[in-house]
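Peer 1:
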Amino acid sequence: MLIDTFGRVATDLRVSLTDRCNLRCTYCMPEEGLQWLAKPDLLSDDEIVRLIRIAVTDLGITEVRFTGGEPLLRPGIVGIVERCAALEPRPRMSLTTNGIGLERTAVALREAGLNRVNVSLDTLRPDVFQTMTRRKRHGDVLRGLEAAREAGLTPVKVNAVLMPGLNDDEAPDLLAWAVENDYELRFIEQMPLDAQHGWKRDGMITAEDILKSLLTRFELTAEENGERGSAPAERWIVDGGPHRVGVIGSVTRPFCSACDRTRLTADGQIRTCLFAQEESDLRAALRSGATDEEIGGLWKTAMWGKKAGSGLDDPAFLQPRRPMSAIGG
Ligand code: SAM
Ligand code: SF4
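Residue numbering for the sequence shown follows my numbering, beginning at 255 and increasing consecutively.
(1) Taking its Cβ as the centre, do 16 or more other Cβ atoms sit within 10 Å of G322, making it buried, or is it exposed?
(2) If you measure from each CB to the nearest heavy atom of the ligand SF4 and keep those under 7 Å, what residues do you get, in chain order?
(3) For A366 versus A401, is the C-beta spacing smaller than 8 Å?
(4) Is any heavy atom in the ligand SAM found nearer than 7 Å to the beta carbon of I491?
(5) Got a sec? Which residues, its chain only, sit under 6 Å from R389 by beta carbon, not counting five neighbours each side?
(6) Given that a residue counts as buried once 16 or more other Cβ atoms are within 10 Å of its Cβ, and exposed if not, what is Q523?
(7) Could you check the C-alpha separation between R515 and L528 for me, to the nearest Å?
(8) Do you know whose CA, among R304, A264, G559, T272, lies nearest D521's CA?
(9) To the nearest angstrom, report how far apart P426 and G452 are at their CA atoms.
(10) Could you check how far apart the C-beta atoms of T519 and I581 are, in whole angstroms? I think they sit under 8 Å.
(11) For the candidate residues V303, G550, A512, A538, whose alpha-carbon lies nearest to that of S564?
(12) Under 8 Å Cβ to Cβ from T555, same chain only, skipping five residues before and after it: list those, please.
(13) Name the DSSP beta bridge partners of I524, please?
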């Protein structure tokens, strides 16, 4: 098992398949100038599958989520999913994507064994989309979402980040649209993980702001006994059900004490938290001929060092050296 000194057990592995992306969301990446990882530094498909196999068969991981950067930019993604689906025990697999390219790949991913997708979409307005992502791809995302639903990659979840002055008035419209289209909407508070270090606590839209805004149009009931378990989203039943809406308040309502995650970057580093300063190098071990036991041992040691919390509340908080796109969001 991957256990830490606070008794938390990691069962959910986030795997970044690439740090590259075809969008430039303002809260994530600068317009230009971000240095990509060099090709030889990236794990190969075989190396990724081997690490996932060790995690699933030896370390108790039951849930694998592929992310990035934009994971659909990884040419081998369908093959990686297919090989992971053949592992014993078979992990549940999902994908966090901006949706571009999903129209083409949804059926293949489903057939390879992917269970679900989370698609990121912050706005229903194409002009605001272009301002927020610096690209004209709104239609591609909407088509990708539909393709995912048609392919049965359900429940399709939609992640939205609200930014002041851009889309902070859109929470009720996004929820009405999600309910109508059978997507499960989750709002994510903006976190200090952008490459250009532009996050400001003062300006951010909080979970409370989001809920207030939704309550102007919907009746929200906290989900049964308010249990959140290890899930980061607090969920509410919308207008009596069956639809739900989630809010992930990583900054103002942290869930660190119930965290069940471990992360693998595209260049083979283990991170115990998005906000960790430390990484543990599994790639070096892999490439110097380490056995499965030795790699599992390194992973367990990394987990043992996991901190109690993100440190966001600490005035001395330091943003991680690498941005979200490189860590894997
Ligand atoms: N490119 C894919 C996508 O956008 O879904 C996967 C990677 S992206 C880093 C994963 C999620 O992180 C997205 O839902 C995105 O909106 C969110 N995200 C990125 N930067 C963020 C930030 N600074 N604060 C909060 N969420 C952020
Ligand atoms: Fe790309 Fe996702 Fe970052 Fe947007 S949030 S720039 S889609 S990695």
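Glycine residues also receive a C-beta, built at the ideal position from the N, C-alpha and C atoms.
Peer 2: Taking the coordinates as given:
(1) In the sequence shown, the residue the question calls residue 322 occupies position 68. G322 comes out buried.
(2) C275, L277, R278, C279, C282, M283, G322, G323, E324, N352, S374, T387, M578, S579, G583
(3) Looking up residue 366 in the sequence shown gives position 112. Looking up residue 401 in the sequence shown gives position 147. No, they are not a contact pair.
(4) Reading the sequence shown from its first residue, position 237 is the one you call residue 491. No, the Cβ of I491 stays beyond 7 Å of every heavy atom of the ligand SAM.
(5) Taking the first residue of the sequence shown as position 1, residue 389 is located at position 135. The answer, listed in chain order, is L277.
(6) Translated into positions along the sequence shown, residue 523 becomes position 269. Flag for Q523 reads buried.
(7) Numbered from its first residue, the sequence shown carries residue 515 at position 261. Numbered from its first residue, the sequence shown carries residue 528 at position 274. Roughly 10 Å separates the two Cα atoms.
(8) Along the sequence shown, read from residue 1 onward, the residue named residue 521 stands at position 267. Nearest C-alpha to D521: T272.
(9) To locate residue 426, count along the sequence shown from 1; it is residue 172. To locate residue 452, count along the sequence shown from 1; it is residue 198. Straight-line Cα distance between these residues: approximately 26 Å.
(10) Translated into positions along the sequence shown, residue 519 becomes position 265. Translated into positions along the sequence shown, residue 581 becomes position 327. Between T519 and I581, the beta carbon gap of about 6 Å places them in contact (Cβ cut-off 8 Å).
(11) In the sequence shown, the residue the question calls residue 564 occupies position 310. The option with the nearest alpha carbon to S564 is A512.
(12) Here residue 555 refers to the residue found at position 301 of the sequence shown. For T555, where only same-chain residues beyond five positions count, the Cβ hits under 8 Å are S534.
(13) Taking the first residue of the sequence shown as 1, we reach residue 524 at position 270. Per DSSP, L518, S534.
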